[in-house]
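Protein chains in written order, with this note's numbering: chain A, 975 to 1191; chain B, 975 to 1191. Cβ coordinates follow ideal geometry from the N, Cα and C atoms, glycine included. Predicted model only: the values in this text are computed from it and were never measured. Please read the structure below before turning to the comments.
Number of protein chains: 2
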Amino acid sequence: MQTLTEENYLKAIYRLSLDDGNKITPTSIAEAVSVNAASVIDMIKKLTEKKLISYDKVKGAKLTEKGAKAALLIVRKHRLWEVFLHDKLGYNWDEVHEMAEQLEHIQHEDLAERLDEFLGYPNYDPHGDPIPKSNGEMPKSFTTFLSQMAVGKSCRVVAVKDTSSVFLQYLLQLSVSIGTKIKVMDKVAFDGSMSIQIGKDFTTIVSQKFADSLLVD
Amino acid sequence: MQTLTEENYLKAIYRLSLDDGNKITPTSIAEAVSVNAASVIDMIKKLTEKKLISYDKVKGAKLTEKGAKAALLIVRKHRLWEVFLHDKLGYNWDEVHEMAEQLEHIQHEDLAERLDEFLGYPNYDPHGDPIPKSNGEMPKSFTTFLSQMAVGKSCRVVAVKDTSSVFLQYLLQLSVSIGTKIKVMDKVAFDGSMSIQIGKDFTTIVSQKFADSLLVD
DNA sequence: AAATATTATTAGGCGTCCCTAATTGTTTAC
DNA sequence: GTAAACAATTAGGGACGCCTAATAATATTT
């Protein structure tokens, strides 16, 4: 079992390990957890002793299998709680993060399982980030927003970053759902709004906010 | 804002203030939070400085208005989370307490409100304890113990006084939960044990300790 | 009332996690 | 290849919340 602080370090190291290529240094960890580099050295010692990470001046820090498992559970809980806060309590996606930062540390043997079941086994959190499964598997993560697509390109809707009912109803009205093909016809530099063709023939104009809320592939 | 530890002290002092008559001493607080009396003295100083309690060698400790408000919010959150864990995640009532101890400290301006709304504004937690309302009001709390019922009378379980898992599991085994009908068949003057009929047809004998731990109406 | 027991308090110290300042290594620039 | 810059580390210390041991204050016995 880890302390709250240790968990936050593990999570930070996990996040840093996804930005592949870069070695995970005391300095980068310090920045990630908003702490002085000297403090990180202390914690590196502690986490190394607990066999949660390995550390090497040359290779930097790396999660051990045990550490990775712990980190993934924290991320899993964080994202599940975000879904709860968003879908069940009606918070919008910019409010859920800070609370999830606290909730992710709640300890109980099968809490994540129960929560997952209660929420209907969601694959993505309200921000479109994939929720690790209990077996450690990760749903494919999508990172391209409709707003990032070039004019003339076609894509397919894979996730929604905003899951509010007002947005979902708007999507319903536009006949947009997971799998829908969208072609970018035009972009307005001024406000980021874009003209898109939905499916075969229907064309409409959507705002940047809209285009920032759809993940595509 | 209080630290997690401060909140636990406030909650303990609040609980002690309900056992009316008894003055709240460093020793009684120490026992309630499972800590050495010397540590309590430190915290009494801190809470006094923060104007959350007042302390007087003769009168003992007492929550200020500010402290009482903070304590009541913690209790409110604790009990709401218990309802969530029980009703939504399907935990037994003997499992919810320890998780609620953690969840009660989650900080967010209107979290209690949202949770309350989501749960349908429950008046009682899974143990039958009243959930403080956002305006500070308290649903009626029950004061009649099963042990006070006369022979031949019927009643309904409304709350449990003892929330230890060993007791709650015993209840589970007897199929006794909130709402269960109980009829007092006989009482043994010698040791206060009683013969009770649970529900329609099952009859058993329980100790005075048991009968003192069930609140009925 | 004096002796004894109990409670409250002070003093000093420990572990965790943080800091600043000083030192040692390691790059990068010239 | 050396100077300057940057990164890693050590040393020492602080706040928080806990402890034990010693002492002071208060209750309880006798």
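- Within 7 angstroms of the CB of ILE1080(A), the CB atoms of chain B belong to MET1073, GLN1076, LEU1077, in sequence order along the chain.
- Judged by DSSP secondary structure, THR1038(A) falls outside any alpha helix (DSSP H); it is assigned neither H nor E.
- A contact between stretches requires three or more CB pairs, one per stretch, nearer than 8 angstroms, and the segment 1041-1056 of chain B meets this requirement with the segment 1098-1117 of chain B.
- Residues of the segment 1051-1064 of chain A with a C-beta atom less than 9 angstroms from some C-beta of chain B are LEU1059, LYS1062, LEU1063, GLY1064, listed in chain order.
- With its beta carbon at least 8 angstroms from every one in chain A, LEU1093(B) lies outside the interface.
- Taking C-beta atoms under 8 angstroms as the contact rule, MET1123(B) and VAL1190(B) qualify, at a distance of about 6 angstroms.
- Annotation: GLN1171(B) is outside any alpha helix (DSSP H); the continuous beta strand (DSSP E) that includes it extends over 1168-1172.
- One Cα belongs to ALA1042(B), the other to GLU1005(A), and the distance between them is close to 39 angstroms.
- The contact set of LEU1089(B) on chain A, defined by CB atoms closer than 8 angstroms, consists of LEU1063 in chain order.
- Collapsing the DSSP output to three states places ASP1016(A) in a helix.
- A Cβ-Cβ contact shorter than 8 angstroms links GLN1182(A) with SER1167(A).
- From the beta-carbon of LEU1047(B), no residue of chain A is found nearer than 7 angstroms; the closest lies around 15 angstroms away.
- An exposed status is given to ILE1152(A), since fewer than 16 other beta-carbon atoms sit within 10 Å of its beta-carbon.
- Sixteen is the threshold: since fewer than 16 other Cβ atoms of the shown chains lie within 10 Å of the Cβ of ILE1179(B), the residue is exposed.
- A residue is called buried once 16 or more other Cβ atoms fall within 10 Å of its Cβ, and GLU1078(A) is buried on that count.
- Membership of MET1159(B) in any alpha helix (DSSP H) is not indicated; the residue belongs instead to the beta strand (DSSP E) covering 1155-1161.
- Rounded to the nearest angstrom, the gap between the Cα atoms of ALA1086(A) and THR1118(B) is 38 angstroms.
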